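A.B. asks:
In UniProt numbering, the protein residues as written are 1 to 248.
1) With burial defined as no fewer than 16 other Cβ atoms inside 10 Å of the residue's Cβ, what is the status of residue 151: buried or exposed?
2) Using the C-alpha atoms, what's the distance from residue 173 back to residue 93?
3) Whose C-alpha, out of 60, 52, 163, is nearest the C-alpha of residue 109?
4) Which residue's Cα is closest to the Cα of residue 87: 114, 119, 74, 62?
5) Have a look at residue 24 and residue 43 and give me their C-alpha separation to the nearest angstrom.
6) Does the segment 94-101 come close enough to the segment 43-54 to have 3 or more Cβ pairs within less than 8 Å?
7) Do the segment 128-139 and the segment 79-86 meet, that is, are 3 or more Cβ pairs less than 8 Å apart?
8) Where do the ends of the alpha helix (DSSP H) carrying residue 219 lie?
9) According to the Cβ coordinates, are residue 188 and residue 158 closer than 7 Å?
10) Buried or exposed for residue 122, please, with buried defined as at least 16 other CB atoms from any protein chain shown within 10 angstroms of its CB.
11) Can you give me the C-alpha to C-alpha distance between residue 79 and residue 145, rounded to a whole angstrom?
12) Since residue 202 and residue 168 are thought to touch, with beta carbons under 8 Å apart, how far apart are those beta carbons, to the nearest angstrom?
13) When DSSP labels each residue in this structure, what does residue 77 get in the three-state scheme?
14) What's the gap between the Cα of residue 171 and the Cα of residue 112?
15) Please report the residue range of the alpha helix (DSSP H) in which residue 108 lies.
16) Compare the beta carbon distance of residue 115 and residue 141 with 7 Å and say whether it is the shorter of the two.
17) Could you tell me the distance, in whole angstroms, from the CA atom of residue 222 to the CA atom of residue 216?
18) Where do the ends of the alpha helix (DSSP H) carrying residue 149 lie?
19) Mapping DSSP to helix, strand and coil, what is residue 94?
20) Based on the DSSP output, what are the partners of residue 233 in its beta bridges?
21) Among 179, 161, 238, 220, which one has its Cα closest to the Cα of residue 195?
22) Enumerate in chain order the residues of its own chain whose CB-to-CB distance from residue 192 is below 7 Å, with the five nearest sequence positions on each side excluded.
23) So what does DSSP say about residue 46, is it helix, strand or coil?
24) Restricting to Cα atoms, I'd like to know which of 156, 91, 143, 105 is closest to residue 128.
25) Can you round the beta-carbon distance between residue 228 and residue 235 to whole angstroms, since I take them to be within the 8 Å contact cut?
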């Protein structure tokens, strides 16, 4: 800094001290400062929401008197009976509403009764072709400990007929589980056969779509050389995969 005026030298010395201090003592977060937790911002899953609501309902029911609990149990059973009557007469929406009232009124501590209410509503929702809701009700019925295999059969049926190809394996697994308890039951055996055909057809369709996409990408690469994928022969191998040979 030789040759510089004394005022400039003094200014530079002061700034160099400040920079050195900054390097030696980086700023720290205040003690007790909140730290962001990404998990708190994650959306609540449907399963977690259902568990939370069930816990809240259990806690609320624990505060009820014996008389109130008994009254609600009777009311829920009455709603189920009304739902059964509607269902028997083909009034699917009215049956669904009655079973919903039974679910909302019943006591979750009465697990078997709640399983029946959910299973019955699943049946009504199948009739209404509300496939996703029917599957959820069947799941709830099994979670409450259904006294029979009806919820499992209803879930299998809903998964199969939902039109969602991703649910086909689940439907097949459900029917196979049912067959473990009742081997040789023809409707379930036929369902497995039909679902397997649908799975094979879906997989073949997906394979064709994938090959078409690959041909499109291949043509992008080959066209500058005056070639296309039509210049090559693709042969499926027994062990899986394809061999590629140039056509003569």
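Cβ coordinates follow ideal geometry from the N, Cα and C atoms, glycine included. Computed from a predicted structure; not experimentally measured.
C.D. replies: From the atom records:
1) buried
2) 29 Å
3) For the options 60, 52, 163, the alpha carbon positioned closest to that of residue 109 is the one of 60.
4) 119
5) Reliability fails at residue 24, whose pLDDT of 46 lies under 50, so the model's placement of it is uncertain and no value is given.
6) no
7) no
8) 186-222
9) The beta carbons of residue 188 and residue 158 sit no closer together than 7 Å.
10) buried
11) Here the alpha carbons of residue 145 and residue 79 stand approximately 21 Å from one another.
12) About 7 Å; that satisfies the 8 Å criterion.
13) Helix at residue 77.
14) 24 Å
15) Taken as a continuous stretch (DSSP letters only), residue 108 belongs to no alpha helix (DSSP H), as it is neither H nor E.
16) yes
17) 10 Å
18) Going by DSSP, residue 149 is part of no alpha helix (DSSP H) at all; its letter is neither H nor E.
19) helix
20) 245
21) 161
22) 172, 175, 176
23) helix
24) Nearest of 156, 91, 143, 105 to residue 128, Cα basis: 91.
25) About 18 Å separates the two Cβ atoms, so there is no contact after all.
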